[in-house]
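Q: Just passing along the structure, written as structure tokens.
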Amino acid sequence: MANYNIKDVYKEISTIDGYFGMQHGQNVEFSNSTLSTYCRYLDSLGFCRDYLEMASSGVIYVLKTLKEKCNLEYDKLAEYAILWLRYKLNQKSPYHKTELNDFYTKNIEKNKYYDEKIKVILVVFTELTYIDAS
0 MANYNIKDVY KEISTIDGYF GMQHGQNVEF SNSTLSTYCR YLDSLGFCRD YLEMASSGVI
60 YVLKTLKEKC NLEYDKLAEY AILWLRYKLN QKSPYHKTEL NDFYTKNIEK NKYYDEKIKV
120 ILVVFTELTY IDAS
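Note that numbering that gives the first Met the number 0 has the sequence shown beginning at 0, numbered continuously upward.
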């Protein structure tokens with residue numbers, strides 16, 4: 000079992016949470032250019048095209064960041080990524096109704112940044128989303 004500081008995990012998640020979302024509860028989306036690194040498609044300004052692109056890029060960024068900075072085991076990485084993703088999807092209609100397994104299949108699995116390291120983590124992610132769906 001890996002030893003990690005939960006405060007460090009929360010700090011990283013809080014930082015990443017501020018990278019995209021809604022401003023002041025309005026429909027205004029904002030995005031930090033850090034997430035654009037993991038977007039499959041970019042708009043003319045070099046940012047993710049839409050909220051789902053930002054969410055899929057955010058999940059990959061959450062996984063990589065927590066693995067590198069907090070040394071979490073795969074099951075914990077997947078749990079935190081699922082919680083973060085569900086939270087972000089719940090912030091914007093109509094995405095609050097998105098099934099996590101469908102989101103994974105359509106938005107993460109086909110992302111070119113979905114490499115072997117991330118694949119191992121996301122196998123656990125997928126297993127946990129099946130548990131969540133039942």
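Don't be surprised by glycine CBs; every beta carbon is placed ideally from N, CA and C.
1) Quick check on the DSSP output: the alpha helix (DSSP H) that includes residue 75 runs from which residue to which?
2) Answer with buried or exposed for residue 11, where buried requires no fewer than 16 other C-beta atoms within 10 angstroms of its C-beta.
3) Report the rounded CA-to-CA distance for residue 20 versus residue 50, giving the unit in angstroms.
4) With distances taken Cα to Cα, identify the nearest neighbour of residue 55 among 7, 16 and 75.
A: Taking the definition as stated:
1) Taken as a continuous stretch (DSSP letters only), the alpha helix (DSSP H) holding residue 75 covers 73-89.
2) Burial call: buried.
3) A straight line joining the alpha-carbon of residue 20 with that of residue 50 spans about 8 Å.
4) Considering only 7, 16 and 75, the residue with the shortest C-alpha distance to residue 55 is 16.
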